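Protein chains in written order, with the numbering used here: chain C, 119 to 453; chain S, 36 to 294; chain R, 17 to 269.
What follows is a short report on a single structure.
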Amino acid sequence: MASFIAVGAIAVAIVMALGCVEPETPAEMTAINIGYQPSTHQLAAMVADEKGWWQEDLREFGVEEIVMKEFPSGPEEMQAMIAGDLDVAYVGTTPPIIVMYEGLDAKIVAGVQTQGSALVVRPELAGEYEGPQSLKGKKIATFPPGSIQYTLLSKWLIDNGMDPDEDVEIVAMSSGNAAFAIGTKTVDAVLLPSPTPTIIEVEGNGVIVEWSGSMWPNHACCCVVATEEMMTDHPELLKQILKTHIRATEYEIANPEEAAEIYAKVQGADVATIKRSINVSDMHWIHDPHTIIASGLEYAQVIYELDSERYENLGIEVLGEEDIFDTSFYDDITG
Amino acid sequence: MKITAVLKEQGLRVVPLIAVLVIWEVIARYVVKDALLLPRFSAVIFAIFTLRELLIPDIIVSLLHFSLGVASAFLVALPMAIAMGWFESVFKALDPIIEILRPIPPLAWIPLAIVWFHLTHYAAGFIIFIGAFFPILINSYTGFKDVPRVLIETGNVLGCIGHRKVVRHVALPYALPAIATGTRIGMGIGWMCVVAAEMFGVGNSGLGFRLFQKFYFLHQMDYVVAYMLVLGVLALIIDRVFRHFVEDNLLRWKKGIVK
Amino acid sequence: MDHKLTLRNVTKTFPSEEGEIKALDTINMAVRAQEFLCILGPSGCGKTSLLRMIAGLDYPSSGEIILDGEKVSGPSPDRGMVFQEYSLFPWKTVLKNVEFGLEILGIPNLRKIAEEHLELVGLQGFENHYPYELSGGMKQRVAIARALAPDPAILLMDEPFGSVDAQTRNVLQRELLEIWHRTKKTILFVTHSVDEAVYLADRVAVMSARPGRIIAINEVGLPRPRKRTSIEANKVREQLLKLLGSSNNYKIE
């Protein structure tokens, strides 16, 4: 009995010691971890990286290493941020909001783009497609729960009188797996961000029947999220990151062809297909967070409703603007 | 007097368990203080209560996948084990193939499972099949190989002539404990594969499905840990039930030998 | 006289790296009905191989084995066999073990016959015990009951008391004689123990070391019940030891 207590006490002591080891003063950051996803939505991040702007602009703050980390979708990206592996993330608007509901202190500090996802159905089913009702009983692959695409799909189905749990079968997959799945007829439809819908169409494995803008007009899609540590300990560095982001965004808006070539190079895709995807998509690249506040708050409400039992049981309330956004950094550099 | 004795004996089992739960609660509440990293034990118990309506269909579906996988593994492995354990030539022919396939982790079969069975219950059952198959096969054929010659010859002189009679009357009863052990181990591994099998979206319920496709992506860690506990407790129940019915009743005689 | 079992020119050879090895060399022997015959020889002389061939578990390279006028081929409950140890089916109760031969033969009334044979070996009351609960001596009694239950023409015993302690061995030997008296079976008993052969047998066939040959078949000639330490018994013992000593490369007790 005595030995057991001794072992137990030692175990507790070790864990408490580990838990208390935190840096006292914020050291200078020498490496910065930027998360992103392989989609034309987030070309700004890839452009800044390819053109060496991250390296150039951040060197004066002592940053010697830029680590670009790729994730298949937002929820996985946020998991990395929770674990402390990311400082800044290019991610959809909904994954960070969900994590904020669970208690993470990150904030959205800039916009990246709106709309730009598409619903693709198998060629054989395209002819009979007349709207959401045609999806009844079908298997749809999209990004995991918490992502923009999943939330979008769920809300769109509900708005059209369908039950996302009963009337369809939604399966979570990465873009690559989903494209493969629709090609092998394992699923009937996919809802994915550009350029994958165009890639599927070009390969003959599907037909685009809806762009997300028609499912939820002007919905915010990707944004820039910063950790609390970045905002509190490295505000000047964060502001420079936003400046570089603005620069990259303006550049890609002005030079979409070159942006497409950069994407094709970085992701190993076909240049013509990527150029086409940018042309046909209803996406808008942006950088001002103010333009997505309204949409973000709508998301916060929808997310709350989709899982209200949990939030009510835990005494969590709908998030407001101050909980989700921090536009002060953007406002400072744009005056 | 008697009560303290009972308490002491059960105490050794129960007290450490309670201590762990208390330490968990304390560390989660006062040290880690971040539900995203370590949810509290109390939060997990509350989550189980909140999820009670989801839990029942999820448990049933997981048990369905599990039964599909284990039953098919047993039905395929047992005849193979009899052939391999009884006939040296069959063993020599099949053993190299088995030994190459066996170390491949069940999870590595997932892409093939999805391509062959698409996203259906059969795909999930297949992964569990792979997990359960090899322990059942190997333990069983070892049991058949180990049948002592004196028992076979006793069977012969008492009228069991020919493979079928000897296998039925002598080898099979002798190998039954080994088959039971293999099945028990196979079930353990098969259950561990349930989560892996379900996390790739085969169908829309099941404990693994919900854990990975929903709770994980939504970062609802208290729900995640709640389902982890359910998975563990179910495995314990399945194992104990099996042991009670099969090993305690059918295999009472083995107690005398394994001392 | 009616011979129950005849061995005619039985020879056993088997191939090895050095060419062919002769294990048994031209065995000729006749066993009388209802007699108790011991095959006595040193370890490795082939006596067990000989018994196994009579049981049908092995085949002679040349020669014949004839039981009740018919050639022997393959095992059968007609030639009951008691092995030295570990031969009881551990998953069956004592009763079910004894019933086994009857079950395979499809004989009705198995339970009654089995119970009778358990009584014969003095184990009534132990029907529902499992082998692991029995002592070595009790296990061998069950093995004897099991071999006798299908009413074999001849009972073959391969050093059946070799694994039990000396006291139990003496008891079992006495009991075996009683069983033999009651059932009037022909018994062929293999042993390496001169004392055992002197106590039990009507006749003793003495074998040489490999290649196994029958050196002689001697009548013991002592009335039963026998005293193990009598002068007459000692005389027989001496005779047998001399016969055993007359072949080279052996080890006697």
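C-beta atoms are modelled at their ideal positions from N, C-alpha and C, and glycine is treated no differently.
This structure is a prediction, so every number in the text was calculated from the model and none was measured.
Buried/exposed call for S:H28, threshold 16 Cβ in 10 Å: Outside the modelled stretch of chain S, which goes from 36 to 294, sits residue 28 of chain S, for which no answer is possible.
Per-residue contacts from S:K249 into chain C (C-beta, under 8 Å): In the second sequence, residue 249 of chain S corresponds to position 214, counting from 1. What S:K249 touches in chain C: P263.
Nearest neighbour of C:A387, chosen from C:L222, C:A166, C:I317 [CA to CA]: Residue 387 of chain C sits at position 269 when you count from the first residue of the first sequence. The candidate whose alpha carbon is nearest that of C:A387 is C:I317.
Partner residues on chain R for S:C195, Cβ-Cβ distance less than 7 Å: Sequence index remark: in the second sequence, residue 195 of chain S carries index 160 (1-based). Correct list: I120.
Range covered by the alpha helix (DSSP H) that runs through S:K249: Taking the first residue of the second sequence as 1, we reach residue 249 of chain S at position 214. That residue, S:K249, is in no alpha helix (DSSP H); it is neither H nor E in DSSP.
Run of the beta strand (DSSP E) containing C:G229, from where it starts to where it stops: Here residue 229 of chain C corresponds to residue number 111 of the first sequence, with the count starting at 1. Segment 225–232, the beta strand (DSSP E) holding C:G229.
Option nearest C:A296 by Cα separation, candidates C:D351, C:V342, C:H337, C:V239: To locate residue 296 of chain C, count along the first sequence from 1; it is residue 178. If we check each option's Cα against that of C:A296, C:V239 comes out closest.
Euclidean distance between Cα positions of R:L171 and R:R95: Indexing the third sequence from 1 puts residue 171 of chain R at position 155. Indexing the third sequence from 1 puts residue 95 of chain R at position 79. Approximately 6 Å, taken between the alpha carbons.
Whole runs of the beta strand (DSSP E) within the region 217–277 of chain C, excluding any shorter than 3 residues: If we require 3 residues or more, the beta strand (DSSP E) runs fully inside the region 217–277 of chain C come out as 225–232, 235–239, 257–260.
Segments of 4+ residues assigned as alpha helix (DSSP H) that fall wholly inside the region 47–102 of chain R: With a minimum length of 4 residues, the continuous alpha helix (DSSP H) runs that stay inside the region 47–102 of chain R are 63–71.
Proximity of S:I58 and C:A131 at Cβ, strictly below 8 Å: What you label residue 58 of chain S is simply residue 23 of the second sequence in a count that begins at 1. What you label residue 131 of chain C is simply residue 13 of the first sequence in a count that begins at 1. When the beta-carbon positions are compared, S:I58 and C:A131 stay at least 8 Å from each other.
Where C:W171 falls: helix, strand or coil (DSSP): Here the question's residue 171 of chain C lines up with position 53 in the first sequence. Here C:W171 sits in helix by DSSP.
8 Å Cβ cutoff, S:A70 in contact with chain C: Numbered from its first residue, the second sequence carries residue 70 of chain S at position 35. Closer than 8 Å: yes.
Close Cβ partners of C:K257 (< 7 Å) along its chain, the five nearest in sequence each way excluded: Residue mapping note: residue 257 of chain C aligns to position 139 of the first sequence, counting from 1. The answer, listed in chain order, is E287, V289, V305, D306.
Residue-chain proximity (S:E188, chain R), Cβ-Cβ < 8 Å: Stepping through the second sequence from its first residue, residue 188 of chain S is reached at position 153. So yes, S:E188 belongs to the interface.
Run of the beta strand (DSSP E) containing R:H276, from where it starts to where it stops: Any property of residue 276 of chain R remains undetermined from this structure, which presents chain R solely from 17 to 269.
Buried versus exposed, by CB contacts within 10 Å (16 or more), C:G331: Taking the first sequence and counting its residues from 1, one reaches residue 331 of chain C at position 213. Label assigned to C:G331: buried.
Cutoff 8 Å: S:I58 Cβ touching any chain C Cβ: Sequence index remark: in the second sequence, residue 58 of chain S carries index 23 (1-based). With its beta carbon less than 8 Å from one in chain C, S:I58 belongs to the interface.
Short Cβ contact (8 Å threshold) for S:W121 with S:V205: The residue given as residue 121 of chain S occupies position 86 in the second sequence. The residue given as residue 205 of chain S occupies position 170 in the second sequence. Between S:W121 and S:V205, the gap from beta carbon to beta carbon reaches 8 Å or more.
Rounded C-alpha distance that separates C:T148 from S:N174: Position 30 of the first sequence, counted from the first residue, corresponds to residue 148 of chain C. Position 139 of the second sequence, counted from the first residue, corresponds to residue 174 of chain S. Approximately 56 Å, taken between the alpha carbons.
Straight-line Cα distance separating R:K128 from R:T27: Within the third sequence, residue 27 of chain R is the residue found at index 11, counting from 1. Within the third sequence, residue 128 of chain R is the residue found at index 112, counting from 1. If you take the alpha carbons of R:T27 and R:K128, they lie about 42 Å apart.
Three-state secondary structure assigned by DSSP to C:E347: Here residue 347 of chain C corresponds to residue number 229 of the first sequence, with the count starting at 1. Here C:E347 sits in helix by DSSP.
Contact with chain S by C:Q267, beta-carbon distance below 8 Å: Here residue 267 of chain C corresponds to residue number 149 of the first sequence, with the count starting at 1. Chain S, which has no Cβ nearer than 8 Å to the Cβ of C:Q267, makes this no.
Three-state class that DSSP yields for C:A163 in the structure shown: For the purposes of this step, residue 163 of chain C is identified with residue 45 of the first sequence, where counting begins at 1. Looking at C:A163 - three-state DSSP - the assignment turns out to be helix.
CA nearest to the CA of C:M348, picked from C:L204, C:F189, C:G192: Walking along the first sequence from the start, residue 348 of chain C turns up at place 230. Selected option, being the one with the closest Cα: C:L204.
Cβ-Cβ separation, S:I162 to S:W144 (assumed contact under 8 Å), whole Å: Looking up residue 144 of chain S in the second sequence gives position 109. Looking up residue 162 of chain S in the second sequence gives position 127. Right, their Cβ atoms sit about 6 Å apart.
Cβ-based burial, S:T39 [other Cβ within 10 Å; buried from 16]: For this step, residue 39 of chain S is matched to residue 4 along the second sequence. It is exposed - the Cβ of S:T39 has fewer than 16 other Cβ atoms within 10 Å.
Minimum C-alpha distance to R:E191 - residue among R:S224, R:G153, R:R219: The residue given as residue 191 of chain R occupies position 175 in the third sequence. The option with the nearest alpha carbon to R:E191 is R:G153.
Range covered by the beta strand (DSSP E) that runs through R:T202: Indexing the third sequence from 1 puts residue 202 of chain R at position 186. 202–207 is the span of the beta strand (DSSP E), which, as asked, contains R:T202.
Own chain residues within Cβ distance below 7 Å of C:Q160, not counting five before or after: Mapped onto the first sequence, residue 160 of chain C falls at position 42. Within the same chain, C:Q160 has close Cβ partners Y154, Y208, V230, C340.
Cβ of R:P91 within 8 Å of any chain S Cβ: To locate residue 91 of chain R, count along the third sequence from 1; it is residue 75. Yes, its Cβ sits closer than 8 Å to a Cβ of chain S.
9 Å Cβ cut-off: residues of chain R touching S:V185: Your numbering for residue 185 of chain S matches position 150 in the second sequence. Those within 9 Å of S:V185 in chain R are F99, Q100, E101, Y102, S103.
Under 8 Å between C-beta atoms of S:G166 and S:H100: One-based indexing of the second sequence puts residue 166 of chain S at position 131. One-based indexing of the second sequence puts residue 100 of chain S at position 65. No; because the gap between Cβ atoms is not below 8 Å, this pair is not in contact.
Simplified DSSP state of C:Y208, which is helix, strand or coil: Within the first sequence, residue 208 of chain C is the residue found at index 90, counting from 1. Secondary structure of C:Y208 (DSSP, three-state): strand.
C-alpha distance - S:I94 paired with S:V79, whole-angstrom precision: Within the second sequence, numbered from 1, the residue matching residue 94 of chain S stands at position 59. Within the second sequence, numbered from 1, the residue matching residue 79 of chain S stands at position 44. Each residue's alpha carbon lies about 17 Å from the other.
Contact with chain C by S:H279, beta-carbon distance below 8 Å: In the second sequence, counting from the first residue as 1, residue 279 of chain S sits at position 244. Not an interface residue.
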